[in-house]
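K.L.:
Mind having a look at this structure? Questions to follow.
Number of protein chains: 2
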Amino acid sequence: MIRVAVMGYGTVGSGVVEIIDRNNKEVSAASKDEVSVKYILDLRDFPGDPHEGLFIKDYKIITDDPEVDIVVEALGGIELAYKFTKEALLNGKSVVTSNKAVVAEHGVELLKIAKENNCSYLFEASVGGGIPILRPLYTSFCQEKIEGITGILNGTTNFMLTKMDEEGCDYDAVLKEAQAKGYAEQNPEADVCGHDACRKIAILTSLGSGKTVHYQNIRTEGITNISKIDFEYAKKLGSSVKLLGLSRDVNGECVALVAPFMVSDKSPLYAVRGVFNAVMVRGNMVGDTLFYGQGAGKLATASAIVSDIIDCAKNIGKTIECPWKDEEAVMADDSKKVFSYFVRVKKEAFDEVSKALGIKEKVSVESAGDETGFVSEKISEDKFLKTKEDNSNSIINYIRILDVEG
Amino acid sequence: MIRVAVMGYGTVGSGVVEIIDRNNKEVSAASKDEVSVKYILDLRDFPGDPHEGLFIKDYKIITDDPEVDIVVEALGGIELAYKFTKEALLNGKSVVTSNKAVVAEHGVELLKIAKENNCSYLFEASVGGGIPILRPLYTSFCQEKIEGITGILNGTTNFMLTKMDEEGCDYDAVLKEAQAKGYAEQNPEADVCGHDACRKIAILTSLGSGKTVHYQNIRTEGITNISKIDFEYAKKLGSSVKLLGLSRDVNGECVALVAPFMVSDKSPLYAVRGVFNAVMVRGNMVGDTLFYGQGAGKLATASAIVSDIIDCAKNIGKTIECPWKDEEAVMADDSKKVFSYFVRVKKEAFDEVSKALGIKEKVSVESAGDETGFVSEKISEDKFLKTKEDNSNSIINYIRILDVEG
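These protein sequences, in sequence, are chains A and B.
Everything in the first sequence is counted per the working numbering, starting at 1 for the first residue and increasing by one.
Everything in the second sequence is counted per the working numbering, starting at 407 for the first residue and increasing by one.
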């Protein structure tokens, strides 16, 4: 018998319990032993819940119980989640989680503790919800040098941008709709400012490179400056605007960035609509691959957690090795980040700004009024930012262009 | 030291040797031991090849050498490949392959022999080339009941259909181009008649269901009846024509089919162009996921083989378990296969045929001449085939419609 303790009975935690119940035959068969939930930790009461007898309020009961093999951390937040995870691992219990904040902040330390205590720390559900992406990275792509990772990693913003694209809505209107549907929180900052995507690309890049990438070192721009007219320009370019988290290995240095991008309809990422997520991985041998699915949602996220539970169950007393080590990745400076930019500029400054950046293509839309758009030559980030600063009164907005080949 | 023997030094076999050379650091690190090629079996000579000293012509040298841990079967064909694989497994050597014909024909038997001899038989590269799809099925989706698998599994036909769609080419012209580019063989039957896709969906479904699905029991229709005008109709329907291999679990019975389908631009499969492959997997918990990448090509296919080599290397003396068992899947009869059909019919027979099948939507294109098109109601396969037979002189062509929801 494999005994699981679930910490936190919110959306994700209750989803995990539901899957262990509903698909118990599959879960137990794959684990080679019956899997059952022994405790559910939550400060709230759930009278009438079919698992009423399992609820506890003191996490010590879990960490002290030698019968518990695997702990699901579905608490959210950082401090308590980190503390409980650490204690569980120190007691030799494997921990699985969808908590990207804890993974991005403390992942490499927790992996080390797991190893020292012959148990595992797994977090497939922390990136891309139900999409199998971390396990393929460390089981199917070990033979590859990972050259690049490009992801639509946040379902909320992808829902919003898709609506703006398909229905010509305004930013404020789609944000309200996303909040009404429960996709966006009342304080939507973590999503719309790109913080969530930033932690996810940090985790992906750490796994892909085997080195630690601190999310704090990744420039992160959200979608709050994106408006209706940007999509009109995008259509002219055969593109759509997507919030991407991306990283590239450039001669052993790491270029990483979270920002809205113009994504051409030639890219498989173009067709990723609504709350779906997708991650493209480029290996030096396999070329481009893409993994697509529900990036959030109760059962999709819980499914990824249960896949980790099964992996832990099959490896009781052992550590499932993770390529992410504590050596720090060398982050490339801005002179090595090269993009083409779509730029909207006041008409009177067009000549000056387009000359400074180099111009590949002019783009006009009917509703432009006093502005004009163009696509710049490829230019390094430091030069672009300098030009932007020098012309802060005349550059209205800019969006990087995803290089489909790179 | 992990010693590998490569049987067959064609495109795939030489690709495997190349990856073990070029990415040796990654391959050996992941394997926790140095990986090297000890023998290359090929009846041809390769004078001047950097591995000249490794070539042998007698497979017995491999099966008799206790130092060889892992054998790559990249011979192609069935009989010899099967015989050599079996002998290697009987001698406790793990075998990895991209040979879908052998896997579809003898997979379950070879898996059993591997288990009895404490070694492994892996075949990630047999489906979807470089796309990690089999390993995710048996490591990331064990907790799922797999409800459906839908794949663009053959790069040659997808290249041809994409050309017909995008450039309005004729079937004969694109076949010639595919042959000139080396995508299609001089005898293109295995690709264009769907036999290749059939073996792949049989393998996928066997892994997804855990039961044996015989490829011989899967109705297989190729793309030889698809012509330019079908794409004109498809455009009117917001669709494209794709050759799909699909399977569905319908109350414990297996519906499986290989055929051209109308795929709506709402489906993520719509955007899969050219030689790329993609596999959608629907789990009862995780919902729809999609795996996309290069379905063929030297290094992509070899990359998947090397991922299997690493897995075997990490499990020397043990068997990597595969969910595919020898219990046979119950195949649904035609009364349980339900699709909508796009049908082209002679104008004078439209009333009769559309009445027999039920009509959802009439579709007209300018170049139609004496025919007209329509979309039928959902109808079971047996009823459809009966109507088709009764109207064989007036039904010009038909294409099933992929239900994006199902």
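In this text, a Cβ means the ideal position worked out from N, Cα and C, and glycines have one as well.
(1) Taking C-beta pairs closer than 8 Å, name the residues in chain B that residue 300 of chain A reaches, listed in chain order.
(2) Can you list the residues of chain B that residue 130 of chain A reaches, using a CB-CB cut of under 7 Å?
(3) Helix, strand or coil: which one does DSSP assign to residue 280 of chain A?
(4) Can you tell me which of the three DSSP states residue 262 of chain A falls into?
(5) Could I get the ranges of all uninterrupted beta strand (DSSP E) runs contained in the stretch 698-783 of chain B, with 3 residues as the minimum, in chain order?
(6) Can you list the residues of chain A that residue 429 of chain B reaches, using a CB-CB cut of under 8 Å?
(7) Select from the stretch 245-268 of chain A all residues with a C-beta closer than 7 Å to any C-beta belonging to chain B, and list them in chain order.
(8) For residue 136 of chain A, does the count of other Cβ atoms within 10 angstroms reach 16, so buried, or fall short, so exposed?
(9) Determine, using beta-carbon pairs with one atom in the stretch 717-731 of chain B and one in the stretch 444-453 of chain B, whether at least three such pairs fall under 8 Å.
(10) Among residues of its own chain, excluding the 5 on either side of residue 61 of chain A, which ones have a beta-carbon nearer than 7 Å to its beta-carbon?
(11) Between the alpha carbons of residue 476 of chain B and residue 456 of chain B, how many angstroms are there, rounded?
(12) So, for residue 289 of chain A: in the same chain, excluding its five sequence neighbours on each side, which residues have a beta-carbon less than 6 Å away from its beta-carbon?
(13) So which residues on chain B does residue 307 of chain A lean against when the C-beta distance must stay under 8 Å?
(14) Do you know whose CA, among A:346, A:404, A:153, lies nearest residue 391 of chain A's CA?
(15) Curious, which full-length beta strand (DSSP E) runs of at least 3 residues does the stretch 1-87 of chain A contain?
(16) To which residues of the same chain is residue 716 of chain B closer than 6 Å at the C-beta, ignoring the five residues directly before and after it?
(17) Taking Cβ positions, are residue 239 of chain A and residue 272 of chain A nearer each other than 7 Å?
(18) When the Cα of residue 490 of chain B is compared with those of B:498, B:465, B:661, which residue comes out closest?
(19) With a 10 Å radius around its C-beta and 16 neighbouring C-beta atoms as the bar for buried, classify residue 367 of chain A as buried or exposed.
(20) Is the beta carbon of residue 319 of chain A less than 7 Å from the beta carbon of residue 99 of chain A?
(21) Decide if the stretch 187-207 of chain A is in contact with the stretch 154-161 of chain A; the criterion is three or more beta carbon pairs, one per stretch, under 8 Å apart.
(22) According to DSSP, is residue 584 of chain B part of a helix, a strand, or is it coil?
(23) Taking all protein chains shown into account, do 16 or more other C-beta atoms lie within 10 angstroms of the C-beta of residue 68 of chain A, making it buried, or fewer, making it exposed?
(24) Using only CA atoms, which one of A:395, A:201, A:187 lies nearest to residue 353 of chain A?
(25) Assign residue 93 of chain A to buried or exposed, taking buried as 16 or more other Cβ atoms, counted over all protein chains shown, within 10 Å of its Cβ.
(26) Among A:247, A:171, A:140, which has the Cα closest to the Cα of residue 331 of chain A?
(27) Within 7 Å (strictly less), CB to CB, does residue 310 of chain A reach chain B?
(28) Note down, in chain order, all residues in the stretch 198-230 of chain A with a beta-carbon under 7 Å from any beta-carbon belonging to chain B.
(29) Given that residue 755 of chain B touches chain A, what residues does it touch there, using C-beta distances under 7 Å?
(30) State buried or exposed for residue 574 of chain B, treating a residue as buried only when at least 16 other CB atoms are found within 10 Å of its CB.
(31) Taking residue 80 of chain A and residue 114 of chain A to be in contact with their CB atoms under 8 Å, please state how far apart those CB atoms are, rounded to whole angstroms.
(32) Would you report the Cα separation of residue 610 of chain B and residue 511 of chain B, rounded to the nearest angstrom?
(33) For residue 508 of chain B, collect the residues of the same chain with a Cβ closer than 8 Å to its Cβ; drop the 5 residues on either side in sequence, then sort them by chain order.
(34) Can you tell me whether DSSP reads residue 138 of chain A as helix, strand or coil?
(35) Note down, in chain order, each residue of its chain lying with its Cβ closer than 6 Å to the Cβ of residue 298 of chain A, except the 5 sequence neighbours on either side.
(36) How about residue 763 of chain B and residue 786 of chain B: are their beta carbons less than 7 Å apart?
P.N.:
Checking against the coordinates, here is how it stands:
(1) 691, 692, 693
(2) 692, 693, 695
(3) strand
(4) strand
(5) 744-752, 765-769, 777-782
(6) 143, 144, 145, 284, 285
(7) 268
(8) buried
(9) no
(10) 39
(11) 21 Å
(12) 281
(13) 545, 546, 547, 548, 549
(14) A:346
(15) 2-7, 35-41, 68-73
(16) A distance below 6 Å between beta-carbons, with the five flanking residues on each side excluded, links residue 716 of chain B to the following residues of its chain, in chain order: 436, 437.
(17) no
(18) B:465
(19) exposed
(20) Taking a C-beta distance under 7 Å as the contact criterion, residue 319 of chain A and residue 99 of chain A do not qualify as a contact pair.
(21) Between the stretch 187-207 of chain A and the stretch 154-161 of chain A, the count of C-beta pairs closer than 8 Å reaches three or more; the two stretches touch.
(22) Shown here, residue 584 of chain B sits in a helix according to DSSP, grouped into three states.
(23) So residue 68 of chain A counts as buried.
(24) A:395
(25) By the neighbour-count rule (16 or more Cβ atoms within 10 Å), residue 93 of chain A is buried.
(26) A:247
(27) At least one C-beta of chain B is nearer than 7 Å to the C-beta of residue 310 of chain A.
(28) none
(29) The contacting residues do not exist; residue 755 of chain B stays about 38 Å from chain A at best.
(30) Under a 10 Å Cβ-count criterion, residue 574 of chain B is classified as exposed, with fewer than 16 other Cβ atoms of the shown protein chains found around its own Cβ.
(31) Actually they are not in contact, since the Cβ atoms of residue 80 of chain A and residue 114 of chain A sit about 19 Å apart, beyond 8 Å.
(32) 13 Å
(33) Cβ neighbours of residue 508 of chain B within its own chain (closer than 8 Å, five residues either side excluded): 479, 484, 487, 488, 491, 516.
(34) helix
(35) Excluding positions up to five away in sequence, the list reads 11, 15.
(36) No, Cβ-Cβ distance for residue 763 of chain B and residue 786 of chain B is not below 7 Å.
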